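Mature numbering (1 follows the signal peptide of the UniProt record, and there is no 0) puts the sequence shown at residues -23 to -1, 1 to 502.
We treat Cβ as the ideally placed atom computed from N, Cα and C, and that holds for glycine.
In this text, all values refer to a predicted model and were calculated from it rather than measured experimentally.
See structure below.
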Amino acid sequence: MKRAPKILAGLICAGLVLSGCGAAPDRKSAADTENYGSAIKLAKDYDPNGHFEFAYTSYPASWDPTKSINGSDITLYAPVYDRLLFEDSEGSVHPMLAEEFTPSADNKTLTLKLRAGLTFSDGTPFDADAVKFNLDRTRDKESRLAGELHQIESVEVIDPSTVDVHLTGGLGSIVIGLASRAGIMVSPAAVEAGGLDAKPVGIGAYQATNIQTGSKVEYEKTPDYWDPDAQRVATMTYHYMPDDQTRINALKSGTVDGARINPDEADLASEAGKTPVIRPSTLFIYFMVNTAKGPFADPEVRKALNMAIDRKAISEGLYDGYCTPQIQPFPETSPGYSEKIGDGLDVFPYDPDAAKKIMKKAGVTKLDIATAAPNVTIYTKFAEVVQSQLADIGITMEIHSLPPNPQVQEFAIDKTTETFTSIYTGMNDPDTVMSRYLSPTALFNPGAMEYPELVKYGAEGAASMDPAERKPAYEKYMDAWVESPPHLIPVCMIHQAAAYADNVSGASQKANGYPNLRGVAVAKK
């Protein structure tokens, strides 16, 4: 726990995020690094017996996907857990464990044809019964991922290699769901035996051979895997390094071959002989309130909070322009994005004086609150900037800087803090914002606030796989959002980045914000 100073050195000047206060000397603006690509083409001379080391910012609390509370878990899950479908770096969905997926004419059933002859790492056969077991388990009310499969009405086994997934609606979003954590297949036998919390038992290009909880995972290539192109190194180690400087130092020194970095560190990595990859993503940073606490059930108070946060200054001062400021929770490429509203900075302009008047009219002149924030460096800084800006409208906010899983526990489960400062780590589909945050039963809606119009238009928007057919409903959705802003307050859409040693190839940055390391390769040094 900490109460950060109002003036945050290097970030805030006179209560504003820096743009004239003196930026960090080694970091350059987005314009200086706009030529970095989003992928490193596969080299022909890679070493199939090579070893790859990667540094990342989060670590799963459990190897049981139904207990996952952080979307970033997919990065460490991916080597050991195939999904039914696969989302590529551009956001398109392809077959994976299901080699075909076909919607019915009425969009109410998705038929999955399964890849034949596969077994889980414990020898249990992969078949339609295993798929039904997993989907039913993942959508169970005890599962942390139930909201990501909320569209499923029932799962029917047709034959050993065919499953019909019957839907209440939401065909457009279920496909992405089956390519994400909710589409992970684990061994039913391993679930029944227990122990899945500590060790993954799935189908994957690699198997975890050494797990040091909260520190690192060592992976080894799975024998006779169905897709050998996903196994271009023999072994891998993923390290948990939440501190920005620690990761960049490990990368520069050669301790690791790749690392998640902040986009404004791209030049530092490049000058050290590393190759950065950067792309805009579907992820956004946000501030969130519990509507069951304090005055936050009042939409006027939530409007004031929107106007108290300087999105442009945060984008430019904290992210060097690598975070597109906007009030919408969807990127421009999403069917959920409202062209009419655009960035919305004229809808909820930064105006602390007006925000203070709205708060006063609502009967709030002073307020003491706490926020749960990630202990990842950049996100802690974000919380400190929000803290400073809220102080200008009479809100004193204490910051609880926590690892990702305890952070979620404190706000969403134990409900001991009034607010939450974090990053969206959900799926690459607008329906996920609804199911993850705005449904009355959503994990990240601890106040159980109801948004009937958002639910209505969200359901309409999720019904089709055709983006053009989805868009009109989401226009209405965003109109309702602006009319009565929810407890989720988006700040800016983050560009995500990683950097790799010069002997690494076959790596890319995905549109959903996560690194794509399936088929990563290293050449002999």
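>> Measuring only the C-alpha atoms, how far is proline 240 from valine 353?
In response: Position 263 of the sequence shown, counted from the start, is the residue given in the question as residue 240. Position 376 of the sequence shown, counted from the start, is the residue given in the question as residue 353. The alpha-carbon atoms of proline 240 and valine 353 are separated by roughly 15 angstroms.
> Among Leu322, Asp328, Leu465, Thr88, which residue has its Cα nearest to the Cα of valine 132?
Replying inline: The residue you call residue 132 lines up with position 155 of the sequence shown. With distances taken between Cα atoms, valine 132 lies closest to Thr88.
>> Alpha carbons only, please: which of Pro56, Phe359, Tyr33, Gln366 is nearest the one belonging to glutamate 197?
In response: Translated into the one-based positions of the sequence shown, residue 197 becomes position 220. With distances taken between Cα atoms, glutamate 197 lies closest to Pro56.
>> Do proline 42 and tyrosine 33 have their beta-carbon atoms positioned less than 9 angstroms apart in this structure?
In response: Start at 1 with the first residue of the sequence shown, and residue 33 comes out as number 56. Start at 1 with the first residue of the sequence shown, and residue 42 comes out as number 65. No, they are not a contact pair.
>> Tell me which residues share the same chain as leucine 420 and place their Cβ nearer than 6 angstroms to its Cβ, disregarding the 5 neighbours each side in the sequence.
In response: As a position in the sequence shown, residue 420 is number 443, starting the count at 1. If we look at leucine 420 and ignore the five residues flanking it on each side, its Cβ neighbours are Ala389.
>> Quick check on glutamine 208: buried or exposed, where buried means 16 or more other Cβ atoms within 10 Å of its Cβ?
In response: If you number the sequence shown from 1, residue 208 lands on position 231. The residue is buried, with at least 16 neighbouring Cβ atoms inside 10 Å.
> Closest by CA to serine 120, which one among Thr409, Thr396, Ile46, Ala38?
Replying inline: Here the question's residue 120 lines up with position 143 in the sequence shown. Residue Ile46 is the option with its Cα nearest to serine 120.
> Does DSSP classify serine 292 as helix, strand or coil?
Replying inline: Within the sequence shown, the letter at position 315 stands for residue 292. Helix.
>> At the level of alpha carbons, what is the spacing between threonine 86 and leucine 144?
In response: By one-based count along the sequence shown, residue 86 stands at place 109. By one-based count along the sequence shown, residue 144 stands at place 167. Spanning the two alpha carbons is a distance of roughly 6 angstroms.
> From threonine 223 to glycine 483, what does the alpha carbon distance come to, in whole angstroms?
Replying inline: By 1-based counting over the sequence shown, the position of residue 223 is 246. By 1-based counting over the sequence shown, the position of residue 483 is 506. Going by the C-alpha atoms only, they are around 24 angstroms apart.
> Cα-Cα, which of Asp369, Pro326, Glu361, Pro351 is closest to lysine 343?
Replying inline: To locate residue 343, count along the sequence shown from 1; it is residue 366. It is Asp369 whose Cα lies nearest to the Cα of lysine 343.
> If cysteine 469 sits next to phenylalanine 261, beta carbons under 8 angstroms apart, how far is it from one beta carbon to the other, in whole angstroms?
Replying inline: In the sequence shown, residue 469 corresponds to position 492, counting from 1. In the sequence shown, residue 261 corresponds to position 284, counting from 1. Their Cβ separation, rounded to whole angstroms, is 6 angstroms, which keeps cysteine 469 and phenylalanine 261 in contact under 8 angstroms.
> In the stretch 6 to 37, which residue ranges form an unbroken alpha helix (DSSP H) of at least 4 residues, counting only runs that do not cross its ends?
Replying inline: none
>> For glycine 181 and lysine 44, what's the separation of their Cα atoms in angstroms?
In response: Within the sequence shown, numbered from 1, the residue matching residue 181 stands at position 204. Within the sequence shown, numbered from 1, the residue matching residue 44 stands at position 67. So the two alpha carbons sit approximately 19 angstroms from each other.
>> I need the boundaries of the beta strand (DSSP E) containing glycine 235, first residue and last residue.
In response: One-based indexing of the sequence shown puts residue 235 at position 258. Here the beta strand (DSSP E) through glycine 235 covers 235 to 238.
> My guess is that valine 70 and alanine 156 are in contact by the Cβ rule of under 8 angstroms, so how many angstroms apart are they, rounded?
Replying inline: Taking the first residue of the sequence shown as 1, we reach residue 70 at position 93. Taking the first residue of the sequence shown as 1, we reach residue 156 at position 179. So it is a contact: roughly 5 angstroms between Cβ atoms.
> Skipping 5 residues on each side, what residues in its chain have a beta carbon closer than 6 angstroms to that of aspartate 406?
Replying inline: Here residue 406 refers to the residue found at position 429 of the sequence shown. The residues are Ser150, Ile153.
>> Output needed for glutamine 384: all residues of its chain with C-beta closer than 6 angstroms, excluding positions within five of it in sequence on either side, in chain order.
In response: Taking the sequence shown and counting its residues from 1, the one referred to as residue 384 is at position 407. Hits under 6 angstroms: Ala349, Pro351.
>> Contact between the stretch 454 to 471 and the stretch 212 to 228 is defined here as three or more beta-carbon pairs at a separation below 8 angstroms; is this criterion met?
In response: no
> Roughly how many angstroms lie between the CA atoms of serine 461 and aspartate 136, to the nearest whole one?
Replying inline: Walking along the sequence shown from the start, residue 461 turns up at place 484. Walking along the sequence shown from the start, residue 136 turns up at place 159. Approximately 48 angstroms between the Cα atoms of the pair.
> What is the rounded straight-line gap between the Cα of arginine 4 and the Cα of asparagine 12?
Replying inline: Within the sequence shown, the letter at position 27 stands for residue 4. Within the sequence shown, the letter at position 35 stands for residue 12. For arginine 4, the predicted structure reports a pLDDT of 39, less than 50, and the residue's modelled location is therefore unreliable. A value from the coordinates is still provided. Taking the straight line from one Cα to the other gives about 16 angstroms.
> Which value, in whole angstroms, describes the spacing of the CA atoms of isoleucine -12 and glutamate 316?
Replying inline: Taking the first residue of the sequence shown as 1, we reach residue -12 at position 12. Taking the first residue of the sequence shown as 1, we reach residue 316 at position 339. Confidence is the limiting factor: at isoleucine -12 the pLDDT is only 33, short of 50, which leaves the residue's position unreliable, though a coordinate-based value still follows. Straight-line Cα distance between these residues: approximately 32 angstroms.
> Residues in its own chain within less than 6 angstroms of aspartate 345 by CB, not counting five upstream and five downstream?
Replying inline: Along the sequence shown, one-based indexing puts residue 345 at 368. Cβ within range, chain order: Thr373.
> Does the distance from the C-beta atom of glycine 48 to that of tyrosine 401 stay below 9 angstroms?
Replying inline: Position 71 of the sequence shown, counting from 1, holds the residue named residue 48. Position 424 of the sequence shown, counting from 1, holds the residue named residue 401. Cβ distance < 9 angstroms, so glycine 48 and tyrosine 401 count as in contact.
> When we look at the beta-carbon of glutamate 130 and count the other beta-carbons within 10 Å, is it buried (16 or more) or exposed?
Replying inline: Translated into the one-based positions of the sequence shown, residue 130 becomes position 153. It is exposed - the Cβ of glutamate 130 has fewer than 16 other Cβ atoms within 10 Å.
>> Within the continuous beta strand (DSSP E) that includes asparagine 187, where are the two ends?
In response: Taking the sequence shown and counting its residues from 1, one reaches residue 187 at position 210. Per DSSP, asparagine 187 belongs to the beta strand (DSSP E) from 183 to 189.
>> For proline 308, tell me which candidate among Tyr183, Tyr451, Gln189, Asp113 has the shortest Cα-Cα distance.
In response: Stepping through the sequence shown from its first residue, residue 308 is reached at position 331. Per the Cα distances, Tyr451.
>> I need the straight-line Cα distance from threonine 326 to glutamate 427, nearest angstrom please.
In response: Indexing the sequence shown from 1 puts residue 326 at position 349. Indexing the sequence shown from 1 puts residue 427 at position 450. The amino acid at residue 326 is misidentified as threonine; the sequence shows proline. Computed Cα separation, rounded: 25 angstroms.
> Which same chain residues, not among the five before or five after phenylalanine 273, have their C-beta less than 6 angstroms away from its C-beta?
Replying inline: Locating residue 273 in the sequence shown gives position 296, where the first residue counts as 1. Taken in chain order, the residues that qualify are Val266.
> Is threonine 252 near alanine 75, with beta carbons less than 9 angstroms apart?
Replying inline: On the sequence shown, position 275 is the one that residue 252 refers to. On the sequence shown, position 98 is the one that residue 75 refers to. Contact flag unset, no.
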